[in-house]
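Residue numbers (mature numbering (1 follows the signal peptide of the UniProt record, and there is no 0)): -24 to -1, 1 to 267.
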């Protein structure tokens, strides 16, 4: 037998003799039998077990395909269709609502109450003003940002700790997950990072997103349902998410108005994803609450 096989056996024996190795007992038993054949058999058994364990781990990762449906900016025209489909399909979702819309949209308070009464729906805070869609100005005053989020809590009837999404910013601040918005430059981040930190410290879990079903200015969805599903398939195969095997999908309530066939589109999306083997997750279980 050449040097390489002997070296391999020596390395395997050294590794497996470690008391922390679950195969150490196998190797020691083989050595006690005296004979290189038994040692080779032990090494083979160990390597085979390791390969099988790795294959199982890879298979488990591939099978972990969970989508978290999230809807922003409600209550708006379209919110009722969203709630109806979620109830009919019995899937969890997060509704990140805007305090100002609750106060000004017809039936806004009724839609808020309906969402809060649904056990699979998490009503979250998406600010009071939605920054009036002027994000750089909004994030130039840290105290005002925190006050705006707390004001929304009062309108939405939420108490800490509150699941929330900052207006216009793809930021995560969770006990075990922290991620910045990569769409803004470093200089802007340096002006805003304290806002994120102090909002989180005020009693908020902040959620960003991994992918968006895009809409035009009038609310019409850009991608068809089939195109969106194909994009999601591709991302689960080749993309990277904030949490492995978990996609937070961003949508907006206004996309689901009757004029855009909103009810049918959302129902079709949910059913097509379910048929492809995706599970739908509750945002409250997205990440561990402690390391």
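Beta carbons: idealized from backbone N, C-alpha and C, even for Gly. Quick caveat, the model's predicted, so the values are computed rather than measured.
| Check | Outcome |
| --- | --- |
| Could you compute how far the alpha carbon of residue 88 sits from the alpha carbon of residue 82? | 11 Å |
| Grab the span of the beta strand (DSSP E) containing residue 43 for me, first residue to last. | 42 to 50 |
| Use the C-beta contact count for residue 137: other C-beta atoms within 10 angstroms, 16 or more gives buried, fewer gives exposed. | exposed |
| Going by C-alpha to C-alpha distance, which of 176, 58, 118 and 108 sits closest to residue 151? | 176 |
| Which partner residues does residue 57 have in the DSSP bridge list? | Note: residue 57 sits in no beta bridge, so no partner. |
| Please report how far the alpha carbon of residue 234 lies from the alpha carbon of residue 124, in whole angstroms. | 31 Å |
| Buried or exposed: residue 315, going by 16 or more other Cβ atoms within 10 Å of its Cβ? | Outside the modelled stretch of the chain, which goes from -24 to 267, sits residue 315, for which no answer is possible. |
| Does residue 219 come out as helix, strand or coil in the three-state DSSP assignment? | strand |
| Nearest by alpha-carbon distance to residue 97: which of 122, 127 and 62 is it? | 62 |
| Using 8 Å for Cβ pairs, my map puts residue 227 next to residue 47. What's the rounded Cβ distance? | 5 Å |
| Is the beta carbon of residue 55 sitting closer than 8 Å to the one on residue 255? | no |
| Going by C-alpha to C-alpha distance, which of 221, 68, 58 and 257 sits closest to residue 238? | 58 |
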